[in-house]
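Q:
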Amino acid sequence: MLKSWVKINEMEPHRLPRICLNRLIQLDSLPVNNMKFNWVTQLKNKLNVLGASDFLYINSVQEMRKEIKNVLLKCNNHYLSIDINSVFNSSFNTFYRKISNLNFRENYLDERVNINKQRIVSQLRLSS
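If you're matching positions, the sequence shown starts at 1 in the UniProt record's numbering and goes up one per residue.
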């Protein structure tokens with residue numbers, strides 16, 4: 001969605017995608033706006049959750065391209081924190097809290113071995 005936003009903003013104002021985007025922006029501020037059908041509203045809500053709502057108000061396309069990396073980093077951090085919270089608040093299996101390094105990928109997952117061997121290692125880690 002971010003790259004689409006940048007790409008459409010690069011277009012000249014008379015192009016149809018740009019006209020549609022401008023109309024969606026206008027509809028976003030109206031009380032009859034339906035989030036289900038307005039991707040600008042959906043993007044705005046997602047960016048508000050991440051704390052990056054100012055991205056939509058950047059005028060320069062070059063600045064938007066630079067800011068995309070920061071927004072994606074915020075998104076990764078947000079979902080990582082949600083994952084960590086779900087691990088700590090899980091009542092299903094308390095072993096997850098003890099065996100994971102929480103922010104790094106487990107080393108055995110990067111090895112080029114059979115998936116069944118990786119599953120066995122994973123099950124052994126959980127059972128101990």
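In this text, a Cβ means the ideal position worked out from N, Cα and C, and glycines have one as well.
Which residues in the same chain as Tyr108 place their Cβ atom closer than 7 Å to its Cβ, once the five residues preceding and following it in sequence are excluded?
A: Hits under 7 Å: Gln118, Val121.
Q: Hey, out of Arg112, Thr94, Asp110, Ile19, whose CA is closest to Leu126's CA?
A: Per the Cα distances, Thr94.
Q: How far does the alpha helix (DSSP H) with Thr94 in it reach, from first residue to last?
A: Per DSSP, Thr94 belongs to no alpha helix (DSSP H) and is neither H nor E.
Q: Specify the secondary structure class of Met35 as computed by DSSP and reduced to three states.
A: Helix, per DSSP.
Q: Could you tell me how far apart the beta carbons of Met1 and Leu43 are, in whole angstroms, since I believe they sit closer than 8 Å?
A: The pair is a contact, with the Cβ atoms about 5 Å apart (cut-off 8 Å).
Q: In chain order, what residues of the same chain lie with their CB nearer than 8 Å to the CB of Asn53, ignoring the 5 residues before and after it?
A: In the sequence under discussion, the amino acid at residue 53 is Ser, which differs from the Asn named in the question. Result list for Ser53: Lys44, Leu47, in chain order.
Q: Touch check for the region 73 to 88 and the region 18 to 31: three-plus C-beta pairs under 8 Å?
A: They do not touch, by the three-pair rule.
Q: Reducing DSSP to helix, strand and coil, say where Ser60 ends up.
A: Here Ser60 sits in coil by DSSP.
Q: Are Val6 and Val49 closer than 8 Å when you measure CB to CB?
A: Taking 8 Å as the Cβ cut-off, Val6 and Val49 do not qualify as a contacting pair.
Q: So does Gln123 have its beta carbon nearer than 7 Å to some heavy atom of the ligand MN?
A: Judged by which ligands are present, the structure shown has none, so any question about the ligand MN falls away.
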